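Participant:
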Amino acid sequence: MKFNELGLDDSILTALNQKGYTSPTPIQEQSIPIVLEEKDLLGVAQTGTGKTAAFAIPIIQLLNRSGTPRGKRPIRSLIVTPTRELAIQIEENIKAYAKFTDLRHAVIFGGVKQHSQVVQLKGGVDILVATPGRLLDLMQQGYISLKQVEIFVLDEADRMLDMGFIHDIRKLLEVLPKRRQSLFFSATMPDNIVQLSRKILYKPQKVEVTPESTTAETVKQLVYFTNRADKKKLIMYILKDPKKDQVLVFSRTKHGADRLARDLSRKKINAAAIHGDKAQNQRQRSLKNFKTKELRVLVATDIAARGIDIDKLNWVINFDIPNVPETYVHRIGRVGRAGETGTAISIAEPEENAFVKDIEKLIKQPIEVISEHPFPQTEKPMTKEEKKQWEKEKQKRKQEFFANRKKKQQGGGQSKRKPKGQGRQR
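According to our numbering, the sequence shown holds residues 3 to 428 in order.
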């Protein structure tokens with residue numbers, strides 16, 4: 003099927019043609035007609051299937067056909083998404099698809115000053131893309147009214163709940179018009195997501211383009227088993243291959259991401275970390291440099307990586323194996339997007355061996371083991387008692403570290419530089 007068979011207007015088809023889009027992905031092919039019929043939609047689709055276009059394209063057509071309201075333009079479509087990066091990405095796509103229409107669109111998110119966002123809102127906006135926190139904040143300040151929203155989109159619903167946004171979503175549902183079209187997208191459908199969808203949707207049509215919690219067939223999955231102390235040596239060994247010129251690496255923690263990025267940089271591997279503690283301009287700069295391949299390696303935490311959308315990204319490395327199998331599916335969804343091929347590499351220390359088995363159980367396939375490498379796993383997972391003792395020692399070291407830092411801040415760590423005039427005597 004081609005896009006011109008979906009009943010889209012010429013203005014949208016021209017924009018899609020300029021983007022090089024000719025054939026819709028499965029989720030686009032199934033979702034666009036449903037949305038154009040103004041029905042509610044429940045979309046189950048993993049990252050990289052093209053779901054942004056699946057809702058953005060028909061929304062643009064519906065609003066464009068209904069004409070431009072007189073006076074200040076009210077918000078007629080609201081798209082809520084969990085992260086700043088994802089919000090920016092969605093708005094960039096809307097800008098491309100709506101290029102030959104008169105629709106106005108804007109994106110708002112936290113972590114930056116609100117002035118420029120408020121200026122855009124005051125000028126009138128047809129389509130608003132927002133993260134929950136900044137949206138509610140500007141609503142409370144009186145800059146945003148949702149009274150005339152016709153189409154509401156909740157994107158990445160599972161990640162939204164993982165990040166603790168359920169209360170924000172409930173607040174939004176209280177103020178949104180009862181009569182509206184709602185579109186709900188999630189990569190997984192656990193019970194809490196199903197219950198939320200029932201509160202938002204009315205007699206929805208369901209589109210599920212891949213079996214729930216499965217990985218893309220185009221992604222080659224590999225695992226290296228090693229010891230905890232050898233993990234960094236192993237990733238350096240893996241990155242010796244110059245073909246791996248653009249690699250997204252996942253770290254479990256923010257501190258771990260920073261530490262790994264520093265260690266890679268010391269080995270002359272151009273790397274940077276991206277996570278929630280980084281300033282918005284830092285995150286955007288690192289992301290931009292990674293997209294243009296000025297950065298070879300981007301080390302990210304799960305939440306920060308959710309909005310990363312890079313065409314033809316071929317390499318993902320799980321430096322830390324996630325203890326939630328569904329998270330693995332989200333991570334490796336960064337490669338093999340929209341039919342492209344890619345490779346996902348996981349580095350497992352003994353304590354993560356069980357996580358690998360859980361992942362294989364979820365995706366219903368074994369992950370290929372690479373045993374020929376210089377740092378094979380020789381240690382066994384700790385027993386419960388050993389783990390308990392290790393956690394106790396770790397906590398003790400942590401307390402000592404903060405106690406020493408506090409001591410230095412209180413004067414214990416003053417500079418030992420000699421006063422002026424007391425240098426080495428000749």
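Even for Gly, the Cβ is constructed at its ideal location relative to N, Cα and C. Model, not experiment: these values are computed from the prediction.
Might you give, ordered along the chain, the residues of its own chain that have their beta carbon closer than 6 Å to the beta carbon of F57, omitting 5 neighbours on each side?
Facilitator: As a working note, residue 57 is residue 55 in the sequence shown. Around F57: V155 and L185.
Participant: Quick one: measure Cβ to Cβ for A98 and A132, integer angstroms, because I've assumed they're closer than 8 Å.
Facilitator: Your numbering for residue 98 matches position 96 in the sequence shown. Your numbering for residue 132 matches position 130 in the sequence shown. Between A98 and A132 the beta-carbon gap is near 19 Å, outside 8 Å, which marks them as no contact.
Participant: Answer yes if the stretch 225-234 comes into contact with the stretch 350-358, meaning at least three C-beta pairs across the two stretches below 8 Å, and no otherwise.
Facilitator: With a cut-off of 8 Å, the stretch 225-234 and the stretch 350-358 count as touching, because enough Cβ pairs lie within range.
Participant: Of the residues A17, L18, S25 and I59, which one's Cα is nearest the Cα of V37?
Facilitator: Position 35 of the sequence shown, counted from the start, is the residue given in the question as residue 37. Minimum Cα distance to V37 is reached at I59.
Participant: For I29, which residues in the same chain have their Cβ closer than 7 Å to its Cβ, ignoring the five residues on either side in sequence?
Facilitator: Reading the sequence shown from its first residue, position 27 is the one you call residue 29. Here the set comprises G45, A47, T51, G52, K53, A56, V209 and V211.
Participant: Where does the unbroken beta strand (DSSP E) through G45 begin, and where does it stop?
Facilitator: Position 43 of the sequence shown, counted from the first residue, corresponds to residue 45. Where G45 is concerned, the enclosing beta strand (DSSP E) stretches over L43 to V46.
Participant: From this set, T380, E381 and Q223, which residue's C-alpha is nearest R333's C-alpha?
Facilitator: For this step, residue 333 is matched to residue 331 along the sequence shown. Comparing Cα-Cα distances from R333 to each of T380, E381 and Q223, the minimum goes to Q223.
Participant: Where in the stretch 45-108 do unbroken runs of the alpha helix (DSSP H), each at least 4 residues long, occur, reported from the N-terminal end onward?
Facilitator: 53-67 and 86-99
Participant: Using DSSP with H/G/I as helix, E/B as strand and the rest coil, what is V337?
Facilitator: What you label residue 337 is simply residue 335 of the sequence shown in a count that begins at 1. Coil.
Participant: So E362 and I369 are in contact, right, with Cβ under 8 Å, and what is the actual spacing, rounded?
Facilitator: Here residue 362 refers to the residue found at position 360 when the sequence shown is read from its first residue. Here residue 369 refers to the residue found at position 367 when the sequence shown is read from its first residue. About 6 Å separates the two Cβ atoms, so the contact holds.
Participant: Cβ of D164 within 7 Å of Cβ of L65?
Facilitator: Numbered from its first residue, the sequence shown carries residue 164 at position 162. Numbered from its first residue, the sequence shown carries residue 65 at position 63. Taking 7 Å as the Cβ cut-off, D164 and L65 do not qualify as a contacting pair.
Participant: When we look at the beta-carbon of G125 and count the other beta-carbons within 10 Å, is it buried (16 or more) or exposed?
Facilitator: Stepping through the sequence shown from its first residue, residue 125 is reached at position 123. Classification for G125: exposed.
Participant: How long is the line joining the alpha carbons of K256 and G335, rounded to whole angstroms?
Facilitator: As a first step, residue 256 is located in the sequence shown; it is residue number 254 there, counting from the start. As a first step, residue 335 is located in the sequence shown; it is residue number 333 there, counting from the start. Whole-angstrom Cα-Cα distance: 21 Å.
Participant: Can you tell me which of A275, K409 and R161 puts its alpha carbon nearest to the alpha carbon of P84?
Facilitator: For the purposes of this step, residue 84 is taken as residue 82 along the sequence shown, with counting starting at 1. Here the closest residue by C-alpha is R161.
Participant: Near K295, which residues of its chain fall below 6 Å by C-beta distance, leaving aside the five closest residues on each side in sequence?
Facilitator: The sequence position of residue 295 within the sequence shown is 293, counting from 1. The residues are Q248.
Participant: Could you tell me whether the stretch 262-281 touches the stretch 382-397, where touching means 3 or more Cβ pairs closer than 8 Å?
Facilitator: no
Participant: Please report how far the alpha carbon of R181 lies from the alpha carbon of G135, in whole angstroms.
Facilitator: Stepping through the sequence shown from its first residue, residue 181 is reached at position 179. Stepping through the sequence shown from its first residue, residue 135 is reached at position 133. R181 and G135 have their C-alpha atoms roughly 24 Å apart.
Participant: Span of the beta strand (DSSP E) holding A259?
Facilitator: Locating residue 259 in the sequence shown gives position 257, where the first residue counts as 1. Counted as a single uninterrupted DSSP element, the stretch harbouring A259 is not any beta strand (DSSP E) but the alpha helix (DSSP H) occupying residues K256 to R268.
Participant: Looking only at its own chain, which residues have a Cβ that is under 7 Å from the Cβ of L203, when we skip the five neighbours before and after it?
Facilitator: Translated into the one-based positions of the sequence shown, residue 203 becomes position 201. Same-chain partners within the cutoff: D42, L44, S184 and F186.
Participant: So the alpha helix (DSSP H) E31 belongs to, where does it begin and stop?
Facilitator: Position 29 of the sequence shown, counted from the start, is the residue given in the question as residue 31. Run containing E31: P28 to L38, per the alpha helix (DSSP H) assignment.
Participant: Exposed or buried, A356, counting other C-beta atoms within 10 Å across all chains shown (16 or more means buried)?
Facilitator: Reading the sequence shown from its first residue, position 354 is the one you call residue 356. Answer is exposed; the Cβ neighbour count stays below 16.
Participant: Under three-state DSSP, which class holds N325?
Facilitator: Numbered from 1 along the sequence shown, position 323 holds the residue referred to as residue 325. N325 falls in the coil class under three-state DSSP.
Participant: Tell me which same chain residues have a C-beta within less than 8 Å of the C-beta of L178, skipping the five on either side of it?
Facilitator: Your numbering for residue 178 matches position 176 in the sequence shown. Correct list, in chain order: L80, L148, V151 and F154.
Participant: With which residues is F227 paired in a DSSP beta bridge?
Facilitator: In the sequence shown, residue 227 corresponds to position 225, counting from 1. Its beta-bridge partners are A350.
Participant: Can A273 and V299 be called in contact, C-beta distance under 7 Å?
Facilitator: As a working mapping, residue 273 is identified with position 271 in the sequence shown. As a working mapping, residue 299 is identified with position 297 in the sequence shown. Yes; because the gap between Cβ atoms is below 7 Å, this pair is in contact.
Participant: What does a CB cutoff of less than 7 Å around P35 pick up in its chain, not counting 5 residues either side in sequence?
Facilitator: Residue mapping note: residue 35 aligns to position 33 of the sequence shown, counting from 1. Taken in chain order, the residues that qualify are L8.
Participant: In terms of residue numbering, what span does the alpha helix (DSSP H) encompassing F357 cover?
Facilitator: Residue 357 sits at position 355 when you count from the first residue of the sequence shown. Looking at the DSSP string, the run of the alpha helix (DSSP H) that includes F357 is N355 to I365.
Participant: I believe L123 touches I146 by the beta-carbon criterion, under 8 Å. Please report the beta-carbon distance rounded to the nearest angstrom.
Facilitator: Translated into the one-based positions of the sequence shown, residue 123 becomes position 121. Translated into the one-based positions of the sequence shown, residue 146 becomes position 144. Confirmed, Cβ separation roughly 6 Å.
Participant: If contacts are defined as beta-carbon pairs under 8 Å, then G278 and D322 qualify, I think. What distance do you get, rounded to the angstrom?
Facilitator: Position 276 of the sequence shown, counted from the start, is the residue given in the question as residue 278. Position 320 of the sequence shown, counted from the start, is the residue given in the question as residue 322. Between D322 and G278 the Cβ distance is about 16 Å, and since that is not below 8 Å, they are no contact.
Participant: Do you know whose CA, among L138, P71, G112 and G113, lies nearest L105's CA?
Facilitator: Looking up residue 105 in the sequence shown gives position 103. Ranking the options by Cα distance to L105, first place goes to P71.
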